[in-house]
Amino acid sequence: NRAEQTVDYQGKKVFKGGENSIVVYAIDQSTGEPTPIQHADTHKIHPRTFHIDPSGRLLVAQHNLPVDVRDGDTIKTLPAGLSVFRIADDGKLTFVRGYDIDVGDSTMFWMGMVPLPT
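Just so we're aligned, residue 471 is where the sequence shown starts under my numbering, counting upward by one.
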């Protein structure tokens, strides 16, 4: 559900659109049938990977590269970065904050979390 198509605007390729969200599902315990219960906006473009911390209370989504988007009559660049969410008891997500990451001409291909030594 990412923005993967571009259009030309003022001589630049800009992303055409897309949902750029993380979908939360409830799973029917008797049938295993998933039902979407939330589409959480990541506040960035192209969420590529995500990781849930061992406590099950924090989700971090990774956005792998900067993208140009149309903002009214101008073009702005949204940087690569991370989107942090709290996970509620019902599994729904609450956006906490985003972190911009300068990847230069590269891409942040993958991310994960590791525990720090105590």
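The C-beta atom is built at its ideal place from N, Cα and C for all residues, glycine as well.
Of the residues the options, the one placed nearest residue i, counting alpha carbons only
i           : options            : result
residue 579 : 543, 531, 498      : 531
residue 522 : 499, 553, 498      : 553
residue 567 : 574, 555, 539, 576 : 555
residue 535 : 481, 495, 525, 519 : 519
residue 558 : 574, 541, 525, 539 : 525
residue 546 : 514, 587, 489, 528 : 514
Buried versus exposed call for residue i [16 or more other C-beta atoms within 10 Å across all chains shown]
i           : result
residue 551 : buried
residue 533 : buried
residue 493 : exposed
residue 471 : Per-residue confidence for residue 471 stands at a pLDDT of 43, beneath the threshold of 50, marking its modelled position as unreliable; the derived number appears in the next sentence. Exposed, by the Cβ-count rule.
residue 497 : exposed
residue 577 : exposed
residue 537 : buried
For residue i, three-class secondary structure by DSSP
i           : result
residue 514 : coil
residue 573 : coil
residue 582 : coil
residue 508 : strand
residue 546 : strand
residue 471 : Note that residue 471 scores a pLDDT of 43, beneath 50, so its modelled location is shaky; the value from the coordinates is reported in the next line. Looking at residue 471 - three-state DSSP - the assignment turns out to be coil, as it is neither helix nor strand.
residue 502 : coil
residue 564 : strand
Opening and closing residue of the beta strand (DSSP E) in which residue i lies
i           : result
residue 553 : 550-557
residue 532 : 528-533
residue 491 : 491-497
Open item on the list: Is it the case that the region 496-509 contacts the region 559-577, given that we only count it when at least three CB pairs across the two stretches are under 8 angstroms?
Closed with: yes
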